[in-house]
Amino acid sequence: MSKANLLPETLFAEVSVKSLGGISLFDEKELVTSENVENFFSDDSLIDEALKELKNKGFEVLQVGDATINICAPPKIFEEIFKTTIEPQDRNVIKEGAIETTSTFLECIDTKLPGLISTKGSSFENLIEGIAINDPVYYFQSSPTPPQKEYWYLGVPTPLRDALNAKQANDDGVNGNNVNVIMVDSGWYRHPFFVQNNYNGNVILGPSASNPDHDESGHGTGESANIFSVAPKVNFTMVKMSFVNSVGAFNAAAVLNPNIISCSWGQSREVLPLSASQVTLSAAISAAVLRGIIVVFAAGNGHWGYPGQHPDVISAGGVYMERDGRLQASDYSSGFKSKIFEKRIVPDLSGLVGMRPSAAYIMLPVEPGDTMDVSHAGGTHPQKDETLPDDGWAAFSGTSAAAPQIAGVCALIRQVCPNFSPKLIRRILKNTARDVTEGNVHSATGGNQAKIGYDEATGAGLVDASKAVRIAKRMCRG
Amino acid sequence: MSFPELISAEIILKSKSGKSMLAPGVVITSKNVFEFVPKEDSMNKISKILQDIGFNVICGMNSISIEGTKTLFENIFKTKIIIEKKDKSSFEMKNDPPMSIPSSMKNYVEKIFFPEQPEYF
Numbered sequence: 107m108s109k110a111n112l113l114p115e116t117l118f119a120e121v122s123v124k125s126l127g128g129i130s131l132f133d134e135k136e137l138v139t140s141e142n143v144e145n146f147f148s149d150d151s152l153i154d155e156a157l158k159e160l161k162n163k164g165f166e167v168l169q170v171g172d173a174t175i176n177i178c179a180p181p182k183i184f185e186e187i188f189k190t191t192i193e194p195q196d197r198n199v200i201k202e203g204a205i206e207t208t209s210t211f212l213e214c215i216d217t218k219l220p221g222l223i224s225t226k227g228s229s230f231e232n233l234i235e236g237i238a239i240n241d242p243v244y245y246f247q248s249s250p251t252p253p254q255k256e257y258w259y260l261g262v263p264t265p266l267r268d269a270l271n272a273k274q275a276n277d278d279g280v281n282g283n284n285v286n287v288i289m290v291d292s293g294w295y296r297h298p299f300f301v302q303n304n305y306n307g308n309v310i311l312g313p314s315a316s317n318p319d320h321d322e323s324g325h326g327t328g329e330s331a332n333i334f335s336v337a338p339k340v341n342f343t344m345v346k347m348s349f350v351n352s353v354g355a356f357n358a359a360a361v362l363n364p365n366i367i368s369c370s371w372g373q374s375r376e377v378l379p380l381s382a383s384q385v386t387l388s389a390a391i392s393a394a395v396l397r398g399i400i401v402v403f404a405a406g407n408g409h410w411g412y413p414g415q416h417p418d419v420i421s422a423g424g425v426y427m428e429r430d431g432r433l434q435a436s437d438y439s440s441g442f443k444s445k446i447f448e449k450r451i452v453p454d455l456s457g458l459v460g461m462r463p464s465a466a467y468i469m470l471p472v473e474p475g476d477t478m479d480v481s482h483a484g485g486t487h488p489q490k491d492e493t494l495p496d497d498g499w500a501a502f503s504g505t506s507a508a509a510p511q512i513a514g515v516c517a518l519i520r521q522v523c524p525n526f527s528p529k530l531i532r533r534i535l536k537n538t539a540r541d542v543t544e545g546n547v548h549s550a551t552g553g554n555q556a557k558i559g560y561d562e563a564t565g566a567g568l569v570d571a572s573k574a575v576r577i578a579k580r581m582c583r584g
Numbered sequence: 707m708s709f710p711e712l713i714s715a716e717i718i719l720k721s722k723s724g725k726s727m728l729a730p731g732v733v734i735t736s737k738n739v740f741e742f743v744p745k746e747d748s749m750n751k752i753s754k755i756l757q758d759i760g761f762n763v764i765c766g767m768n769s770i771s772i773e774g775t776k777t778l779f780e781n782i783f784k785t786k787i788i789i790e791k792k793d794k795s796s797f798e799m800k801n802d803p804p805m806s807i808p809s810s811m812k813n814y815v816e817k818i819f820f821p822e823q824p825e826y827f
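This is the structure in structure tokens:
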């Protein structure tokens, strides 16, 4: 195989626009620390010019950081624009567990600094001081496809899409196109899974959050795959929440006026009184819904989920699908009659969620080595997910997964019926759900049993994406 | 993960109707949220004061989320804040004494607090 064939389809790199301090970020004598990093920031007008030129030349701009711009493009574009040759080189490395092995790095043949692309002689010479090719770990350690396991689980995107009956809608062109969905969660790591499937997204920092390129937890990255499996073309934004101020993070999402906000978190609150932050979050949610924003919250995993029981949200519970397609209420999920809001049954309807003890049920992409990757790794299913702690994949679910699945179906409906209110969309989802009549939800919320019709276990049952879209289309046409 | 450079709190404004969101038994939904809308212009006025002091602000309908350094919080709201690492990716903030609302904002602000931390479901 030729060296060119060993290059990845897409090359990710960091662009350093000419630094304010006059010294290049890639000057070998200059070590970058918190004391001098500001010298390597760039003038706003130069950054704007660089962004414009990079886009004109065919580069995709992924993120604009304080000191660098994250871009990607096929290697051929880098080679043509910067008049260079990029080659794979195997070097000795030490990996997890002190294993001595080799890894493939991408190198530019005409620069001394490893991984540096020079702009000399290119049209960017006076604008950009250099380009650093991203660490190869990104491509080779974390696979875009999940590891295969013997136990029963749902993969993304196809098995999950099919289990939620979204295929027909997607095949008919209903895929969430032009619908703005915001998830408020732990962050979004641009995993190769998203790149390979052409799922696009961006990250906005909520109050006190930092590191927009990383998801230290992995929760948000993983749960976002639930949305994309159902609605692959949504305009996706992650508001990275620091957990210092969830109200502020929700408000940061609401001010962007999206079509849908999906939240896979909350607290357990069985009875009044509500805390000041719960009251404030209630007000923020109600104000958002009044403005036409659909707000989906997870009902909880044995929690008396709040705001999952708030009457303005679409409350997402859990249904477990067996290998043979049989459905039952997930005993990992909450289901109850609210003692805070009169006549409020939780959930409204359900997404797909695993069973106790760990709900290790949907194989989701995460940032390699993050909390989810490590904490679920190894062991034996169902306690653990039998994956590696640094492979960028983990099996988990909970109503955290159900909320974005339902948010994805909301996006499909919004695409075909943009003017439908949140309440009407909730009614359509409930009226078209697949009734679930077997199983009990989590014992901590009473262990309610699924019955024929609407119940306090799975609500209206499992969301049915294509049926919901079909009925919505019919209603749109009047 | 290092400690956050900026911390954040929530400010509830006094309502135009005189009703308090924090009164015992109050539950807010889309049916009554307008009863707690702040006095006209108070949202703009308070957010401008906070921005002039150095806070980043996000305005909701009934509350303002503010973000600033620990020192700024301590100086403006006359408190001491302790930030503790909860796990790999989250923090917990404690303050003592309770945050005191500056006189320039007292007519408009009902309460300032650090929201409780939720958990992932």
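These protein sequences, in sequence, are chains A and B.
Take any residue in the first sequence, note its place counting from 1, add 106, and you have its number in our numbering.
Take any residue in the second sequence, note its place counting from 1, add 706, and you have its number in our numbering.
Cβ coordinates follow ideal geometry from the N, Cα and C atoms, glycine included.
Item	Value
Members of the region 446 to 471 of chain A that neighbour chain B once the beta carbon cut-off is set at 7 Å	Ile446, Phe447
Where Gln373/A falls, given that 16 or more other Cβ within 10 Å makes a residue buried	buried
Interface flag, Ala382/A vs chain B, CB-CB below 8 Å	yes
Under 9 Å from the C-beta of Met811/B: neighbouring residues of chain A	Simply none; closest approach about 17 Å.
Helix, strand or coil at Gln555/A [DSSP, three-state]	strand
C-beta contact flag for Pro181/A and Trp499/A at 8 Å	no
Leu112/A, DSSP secondary structure in three states	helix
The region 405 to 436 of chain A: positions lying closer than 8 Å to chain B by Cβ	Ala405, Gly406, Asn407, His409, Gly411, Gly414, His416, Pro417, Asp418
For Met749/B, three-class secondary structure by DSSP	helix
Contact with chain B by Phe349/A, beta-carbon distance below 8 Å	yes
Cβ pair Ala507/A, Ile534/A closer than 8 Å	no
For Tyr257/A and Thr690/B, the rounded distance between their alpha carbons	Absent from the structure is residue 690/B, since the part of chain B shown begins at 707 and ends at 827.
Buried or exposed (CB count within 10 angstroms, at least 16 for buried), Glu428/A	exposed
Three-way DSSP call (helix, strand, coil) for Ile215/A in this model	coil
8 Å Cβ cutoff, Pro318/A in contact with chain B	no
For Asn306/A, the three-state DSSP class (helix, strand or coil)	coil
First and last residue of the uninterrupted beta strand (DSSP E) at Gln434/A	433 to 435
At least three beta-carbon pairs within less than 8 Å, the region 565 to 583 of chain A to the region 269 to 287 of chain A	yes
Contacts that Pro824/B makes with chain A (C-beta to C-beta distance below 8 Å)	Phe349, Ser352, Trp371, Gly372, Gln373
The region 279 to 293 of chain A touching the region 320 to 338 of chain A, judged by at least three CB pairs closer than 8 Å	yes
Whether Leu821/B touches Ser392/A by CB criterion (8 Å)	In the sequence on display, residue 821/B carries Pro and not Leu. Not in contact: Pro821/B and Ser392/A (Cβ atoms no closer than 8 Å).
Gln254/A - DSSP class collapsed to helix/strand/coil	coil
Extent of the continuous alpha helix (DSSP H) run through Asp277/A	273 to 277
Cβ distance (whole Å) where Ile366/A is taken to contact Arg520/A below 8 Å	7 Å
Interface residues of chain A facing Phe819/B [CB-CB closer than 8 Å]	Ala382, Ser383
Chain A contact residues for Phe797/B, given Cβ-Cβ distances below 9 Å	Ser314, Ser348, Phe349, Val350
Proximal residues, the region 525 to 553 of chain A versus chain B, C-beta separation under 8 Å	none
Separation of Met478/A from Gly203/A, as counted between CA atoms	Since pLDDT at Gly203/A reaches only 41, below the 50 mark, its modelled position is unreliable, and the value read off the structure follows with that caveat. Rounded to whole angstroms, Gly203/A to Met478/A spans 19 Å at the Cα level.
Residues near Arg164/A in its chain [Cβ-Cβ closer than 7 Å; skip 5 each side]	Note that residue 164/A is Gly in the sequence shown, not Arg. Result list for Gly164/A: Ala179, Ile183, in chain order.
Candidates Leu470/A, Val472/A, His548/A, Phe442/A: closest to Pro463/A by CA position	His548/A
DSSP three-state assignment for Cys523/A, whether helix, strand or coil	coil
Same chain only: Cβ atoms within 8 Å of Ala517/A, ignoring 5 sequence neighbours per side	Gly282, Val285, Val287, Ile333, Val336, Ala337, Val340, Asn365, Ile366
Separation of Ile789/B from Asn801/B, as counted between CA atoms	9 Å
Where the region 721 to 741 of chain B meets chain A: residues whose CB sits under 9 Å from a CB there	Met727, Leu728, Pro730, Gly731, Val732, Val733, Ile734, Thr735, Ser736, Lys737, Asn738, Val739, Phe740
Whether Pro194/A touches Leu266/A by CB criterion (8 Å)	no
Residues within the region 392 to 404 of chain A neighbouring chain B, beta-carbon criterion of under 7 Å	Ser392, Ala393, Val395, Leu396, Ala404
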